[in-house]
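Chemist: Please read through the structure below; I'll follow up with questions.
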Amino acid sequence: MGVAVAPFAFSARLANAAQLPDLHGADTDSAALDSLITPTDRFFIRNHFFPRGLPLDQWTLTLTGCLRAPRAFTYPEILRLPRRQVTVTVECAGNGVGGGAVGTATWTGISLRDLLRTAQLDASARFIRLIGADSGSADLSGPKISYARSVPVDKALESNTLLAYEMNGAPLSAHHGNPLRAIVPGWYGMDSVKWLTAIEALDHEDFSHFMTERYVASRLLAIGTERRPLSGIQVKSQITRPREGDRVRGQTAIHGLAWAGESRVVSVEVTWDGGKRWEPAVLHGPSQPYAWVSWDCPWTPPAPGHYTISARASDARGRTQPALKDEFRFDEYENNWYHAVHCEVL
Amino acid sequence: MTEQSFIRGRGSALSLGLLVFLLLIPVSARRAKAAQALDDLLRQAESDFRTGHLDDALQKAKAALVRNPASPSAYYLIGAIQERKGAREDAKISLLQAIRLDGSLLPARILLGRILLAGEKLDEAEAQFSAALKNGDDGSRNAQYGLGLVLLEQSRSKEALPHLAAAWEAQPKDLPRLYALISAELDEGLATASEHRRLFDAVTPARPEISYKLGMLFLQHHMAHEAEIELGGVAHLIETGPPGALPQDVVATTFLSLARLHFQGHRYRQALDDLSKVPSAVSSERSDGERLVLAGRSLIAIGETSRGLEKLKEAASKDGSDAAVQVHLAWAELLANRPEEARAVVQKLQAQWPQEAEVGRMSALVAREFLGDRTKVPWSTDWHLSGAGAVCCPCKTPCPCRSNGMPTEPHCEATGAYRITHGHYGNVPLDNSVFVTMDANMGTSKAPLVLFAGPEATEAQLIALERIYQAFNPLQPVIFPTVVRTPISFVVRSAREYEINIPGRLEMRLKRQMDGSSRPLLLTAAVDPFANVLEYARNITYRAWGQTGNLLWDFSGRQANVRFIDLDASDYRQSSMLYQFLDGAGSFNEPQTELIRKLNLPLLPASAAAAR
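Going line by line, the protein sequences match chains A and B. Everything in the first sequence is counted per my numbering, starting at 26 for the first residue and increasing by one. Everything in the second sequence is counted per my numbering, starting at 89 for the first residue and increasing by one.
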């Protein structure tokens with residue numbers, strides 16, 4: 026029934042927190058990172074239901090639906106398929122501005138395309154439904170449902186769309202989806218389904234809960250809404266240093282990260298005078314699709330005092346971060362307006 | 089009587105009535121006389137102890153000790169007196185001495201265990217109770233009770249259970265024991281907790297302080313129904329019993345907890361009644377704020393928007409640090425037709441909590457009120473609808489949702505088609521309008537996923553319709569996610585057959601089930617936003633197609649129903665709609681059953697069974 030019209034959910038969230046303490050694990054502290062790869066133990070965790078790590082000897086991945094050769098795979102069979110590796114920034118769709126629900130890892134696994142070919146994907150397939158082993162009630166009282174998301178078949182067949190069994194060179198941990206999870210590069214994290222146990226090729230649109238009630242961009246109109254399902258990550262930048270409330274002295278530099286989902290970051294600009302002047306930042310290394318890039322911008326504050334530093338990134342598709350949140354957005358996703366940090370120059 | 093018999097017969101309550109007379113082995117007359125004198129002293133000391141003459145008791149017990157410095161019963165009695173006088177450390181020393189002299193001295197071990205338990209020396213208490221248990225426990229199973237309490241304190245509920253059960257069986261009318269047993273059962277998630285709760289309520293005389301604890305325990309375990317029963321009982325005792333029987337903070341918590349429970353169960357009038365009984369003398373910033381928010385929201389829920397707004401304003405002014413209160417306030421300002429004031433509230437919210445999702449949502453709702461024709465359709469309590477509606481869904485008949493249950497299928501592709509012959513919302517006429525609502529899955533919101541309206545429907549009419557949906561539950565903002573304007577055909581043949589068509593999107597055909605006198609066969613009370621009664625019908629055709637012409641579903645032959653609508657704002661303001669008490673409990677809940685009775689609504693046998 027409709028988009029999740031649940032304002033006043035503060036108490037519900039508290040109830041969630043009380044019942045499901047493991048769902049919101051660590052955030053990535055990007056300011057504390059030494060490299061562009063986020064160590065696994067510092068990688069953010071977001072789940073809808075309890076993590077469901079399964080013993081390998083009991084685990085199978087079943088492929089059903091619009092396939093000419095539907096079948097199930099055991100873990101050793103998955104390992105025998107061609108190995109593929111890709112570095113991908115995963116961002117939670119609800120990550121706030123300057124938030125920690127984003128991280129970059131090197132993911133190793135198999136191409137979903139290879140797997141679907143093995144099962145002989147039928148031409149009638151329009152969506153690939155990725156189903157996790159985790160399940161529960163979406164609102165703590167309704168029927169039990171599995172976490173599942175469907176991606177269009179074109180995206181599923183991209184060579185970099187992975188079913189990963191390793192993260193940063195080690196087998197996936199329970200929190201990160203062991204033994205197998207999807208990695209849908211350039212798309213928000215909701216599609217990178219963890220604890221995969223089933224894949225279904227659909228010849229129709231998926232109307233299930235996590236496709237219609239969650240992860241929908243919703244903009245209010247006078248009557249009704251404009252709705253579109255979330256997919257690719259929006260262009261976004263984040264200031265990592267100075268941190269909020271820092272005190273700095275003399276000539277310094279502003280550091281940060283920027284990413285653009287399937288596109289690549291082409292520029293980052295920084296302002297400390299409320300947007301009167303934007304200074305270009307220097308990108309470190311070539312910016313590639315899927316992964317974030319670091320940047321910095323030298324800063325010589327004109328005088329001691331309190332400053333608000335803001336950053337904005339632009340990508341190769343011509344997208345630039347908006348200054349503010351769209352006031353009619355009714356959902357909690359795609360929060361990519363300018364990141365601002367307040368600091369004092371001594 | 090010997091010292092041994094004196095001690096062993098005491099039990100935990102130091103009862104001389106339980107003394108067992110034993111024959112002694114032959115002793116010399118002098119020794120017998122001395123023993124008799126000692127026993128007399130102990131007996132007198134114990135008598136003084138029982139009558140509350142603690143100093144006299146202590147003096148005599150000490151005198152007994154002079155006569156026999158190795159008397160465990162004298163040490164025990166001294167320990168008991170010290171414990172009664174509040175000198176727990178001294179009592180512990182005396183009792184330990186008693187136990188050193190006679191390790192099998194049950195009362196000493198049990199009393200020492202209790203003192204240690206009260207002092208949270210759980211391991212030491214466990215050792216004493218275990219030792220007492222090994223020595224056979226007493227007739228009241230005090231050692232088992234103590235051990236059970238210790239294990240419960242240590243979160244070892246599973247181990248505690250058999251001990252607490254045995255202790256309760258020994259004294260089935262002892263409410264603290266029953267409370268402890270229920271507590272362990274709740275920790276272990278055992279259904280027997282509810283059975284024992286019923287036994288608890290049957291014990292007389294009631295002890296409100298323990299009922300209160302039990303109510304709070306059920307609250308902790310999210311057992312709202314049981315908590316409500318217990319706390320309701322406490323409230324009754326408070327209101328009918330002597331004043332001051334319970335501390336004022338307990339009275340306040342009782343009524344505030346009941347208000348929360350009634351609010352959650354959509355019984356807003358009861359919540360307001362509860363709140364009026366919270367003693368004003370007992371307050372804190374937090375409880376005052378909560379009381380005001382509950383009162384404000386309850387008033388809004390029953391249509392008393394202006395009064396609700398005032399309460400929320402007061403709550404917000406008392407505590408500006410709670411985003412949720414401010415969000416409620418912004419919403420109340422909107423409902424009170426004060427969009428500018430609502431905007432001022434959300435501006436403050438955005439400045440303080442820019443990333444809070446609820447703030448973002450409320451900001452969007454407030455911003456929307458300035459769009460299009462919305463300002464021309466102010467919130468109103470003057471609305472009315474009359475007409476008919478037909479609904480099809482994949483459930484079996486009768487549809488369990490209609491009697492407050494869960495649907496037959498794990499999905500709910502329900503479509504409702506409505507023809508309003510006469511209607512208005514404020515100044516917006518709704519006469520001769522047709523609309524169709526369609527849902528595709530099981531959401532928590534009460535707004536339909538898709539609203540189909542005729543091409544002639546004005547924006548003001550659609551806003552009016554949305555505002556009527558809002559009136560079904562003023563606390564939960566409603567939006568129509570998708571609105572489609574399209575030709576809709578709604579035809580009724582011979583007052584029996586309903587045919588609804590949206591070309592390319594929907595085909596519905598239903599037939600009412602009637603007897604030879606044209607009376608409906610399957611009329612029943614039902615949970616529905618437009619009517620309290622519906623009649624089940626034959627679902628002849630129910631198919632829906634997507635935008636691209638793909639068949640979304642064909643649930644022909646499944647559930648269908650028809651309702652006749654004569655609804656206005658007062659039905660909701662008077663809380664007389666079954667729909668207002670929808671909680672998915674599985675069957676009609678108490679307020680729904682009451683309404684069915686009060687309004688004399690018809691019930692099918694299957695629905696009657698669902699009315700508990």
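Where a beta carbon is used, it is the ideal one built from N, C-alpha and C, also for glycine.
Buried or exposed, going by whether 16 or more other CB atoms sit within 10 Å of the CB of E171/B?
Modeler: Buried: at least 16 other Cβ atoms inside 10 Å.
Chemist: Secondary structure at I701/B, three-state DSSP: helix, strand or coil?
Modeler: Any answer about residue 701/B is impossible in this case: the structure gives chain B only from 89 up to 700.
Chemist: Counting Cβ pairs closer than 8 angstroms, one from the segment 461-472 of chain B and one from the segment 535-550 of chain B, do we hit at least three?
Modeler: Segments in contact, yes.
Chemist: Can you give me the C-alpha to C-alpha distance between Y190/A and A632/B, rounded to a whole angstrom?
Modeler: Approximately 41 angstroms between the Cα atoms of the pair.
Chemist: Report the residue from P427/B, G645/B, E276/B and K261/B whose alpha carbon sits nearest the alpha carbon of R456/B.
Modeler: Out of P427/B, G645/B, E276/B and K261/B, P427/B has the C-alpha closest to the C-alpha of R456/B.
Chemist: So which of W284/A, H229/A and I279/A has the shortest CA-CA distance to T325/A?
Modeler: Measuring from the Cα of T325/A, the nearest candidate turns out to be I279/A.
Chemist: Following the continuous alpha helix (DSSP H) through G167/B, name the residue where it begins and the one where it ends.
Modeler: G167/B -> alpha helix (DSSP H) spans P160 to R172.
Chemist: Go ahead and pull the three-state DSSP assignment for L692/B.
Modeler: Reduced to three states, the DSSP call for L692/B is coil.
Chemist: In the DSSP output, what is Q647/B paired with across the bridge?
Modeler: In the DSSP output, where bridge partners are listed per residue, Q647/B has C481/B and R626/B.
Chemist: If you drop the 5 nearest sequence neighbours on each side, which residues of the same chain put their C-beta closer than 8 angstroms to that of S184/A?
Modeler: So the list reads R109, S136 and R138, once near-sequence residues are dropped.
Chemist: Let me see if you follow: with CB-CB separation under 7 angstroms, is T112/A close to chain B or not?
Modeler: No, because no Cβ of chain B sits closer than 7 angstroms to the Cβ of T112/A.
Chemist: So, helix, strand or coil for C322/A, using DSSP?
Modeler: In the structure shown, C322/A sits in a strand (DSSP, three-state: E or B).
Chemist: Is it right to say R342/A is buried, meaning 16 or more other beta carbons lie within 10 angstroms of its own, or is it exposed?
Modeler: With fewer than 16 Cβ atoms within 10 Å of its Cβ, R342/A is classed as exposed.
Chemist: Can you list, in chain order, the residues of its chain with a C-beta nearer than 6 angstroms to that of F353/A? Leave out the 5 residues immediately preceding and following it.
Modeler: Cβ within range, chain order: R244 and L245.
Chemist: Output yes or no for whether 7 angstroms exceeds the beta carbon distance between I628/B and R597/B.
Modeler: Yes, they are a contact pair.
Chemist: Report the start-end ranges of each alpha helix (DSSP H) in the segment 121-151 of chain A that is 4 residues or longer and not cut off at the edges.
Modeler: Listed in chain order, they are 137-143.
Chemist: Comparing the C-beta of T296/A with each C-beta of chain B, is any distance below 7 angstroms?
Modeler: By this cut-off, T296/A is not an interface position.
Chemist: Which ranges does the alpha helix (DSSP H) cover as unbroken runs of at least 4 residues, wholly within the segment 233-298 of chain B, from first to last along the chain?
Modeler: If we require 4 residues or more, the alpha helix (DSSP H) runs fully inside the segment 233-298 of chain B come out as 245-258, 263-275 and 280-290.
Chemist: In chain B, what lies closer than 9 angstroms to E269/A by C-beta?
Modeler: The contacting residues do not exist; E269/A stays about 13 angstroms from chain B at best.
Chemist: Measuring straight from C-alpha to C-alpha, what distance separates L104/A and G504/B?
Modeler: Looking at the two C-alpha atoms, the distance is approximately 50 angstroms.
Chemist: Work out the CA separation of P195/B and G705/B for me, nearest whole Å.
Modeler: Missing from the structure shown is residue 705/B; chain B here goes from 89 to 700 and no further.
Chemist: Spatial neighbours of V322/B within its chain, please: CB distance less than 7 angstroms, with the 5 preceding and 5 following residues excluded, ordered by chain position.
Modeler: Same-chain partners within the cutoff: P296, S299, Y300, G303 and T342.
Chemist: Check distances from the C-beta atoms of the segment 566-591 of chain B to those of chain A and list, in chain order, the residues that come in under 9 angstroms.
Modeler: Under the 9 angstroms Cβ criterion, the segment 566-591 of chain B contributes V566, I567, F568, P569, T570, V571 and V572.
Chemist: First and last residue of the beta strand (DSSP E) that includes K261/A?
Modeler: First-last of the beta strand (DSSP E) with K261/A: K261 to R266.
Chemist: Decide if A545/B is buried, meaning its Cβ has at least 16 other Cβ atoms within 10 Å, or exposed.
Modeler: Burial call: buried.
Chemist: Please list, in chain order, the chain A residues whose beta carbon lies closer than 9 angstroms to that of Q601/B.
Modeler: Residues of chain A passing the Cβ test: none, with the nearest at roughly 27 angstroms.
Chemist: Measuring straight from C-alpha to C-alpha, what distance separates D231/A and A281/B?
Modeler: Distance between the alpha carbons of D231/A and A281/B is about 43 angstroms.
Chemist: Can you tell which of S149/A, V176/A and V295/A has its C-alpha closest to the C-alpha of D228/A?
Modeler: Among S149/A, V176/A and V295/A, the Cα nearest to that of D228/A belongs to S149/A.
Chemist: Does L255/A get closer than 7 angstroms to chain B when you measure Cβ to Cβ?
Modeler: By this cut-off, L255/A is not an interface position.
Chemist: Answer yes if the segment 383-395 of chain B comes into contact with the segment 654-673 of chain B, meaning at least three C-beta pairs across the two stretches below 8 angstroms, and no otherwise.
Modeler: Touching, yes, given that three or more Cβ pairs across the two stretches are closer than 8 angstroms.
Chemist: Under a three-way DSSP split, which group does K436/B fall into?
Modeler: K436/B falls in the helix class under three-state DSSP.
Chemist: Run through chain B and tell me which residues come within less than 7 angstroms of L229/A, C-beta to C-beta.
Modeler: Checking the displayed sequence, the identity of residue 229/A turns out to be His instead of Leu. Neighbours of H229/A on chain B, chain order: N638.
Chemist: Going by beta-carbon coordinates alone, are A130/A and T63/A separated by less than 7 angstroms?
Modeler: Yes, these two residues count as a Cβ contact at 7 angstroms.
Chemist: Applying a beta-carbon distance threshold of less than 9 angstroms, which residues of chain A neighbour G634/B?
Modeler: What G634/B touches in chain A: H229 and E230.
Chemist: Can you check which of these residues, D461/B, H309/B and L200/B, is closest to Q216/B by C-alpha distance?
Modeler: Among D461/B, H309/B and L200/B, the Cα nearest to that of Q216/B is on L200/B.
Chemist: Could you give the distance in angstroms between the alpha-carbon of L269/B and the alpha-carbon of F351/B?
Modeler: So the two alpha carbons sit approximately 30 angstroms from each other.
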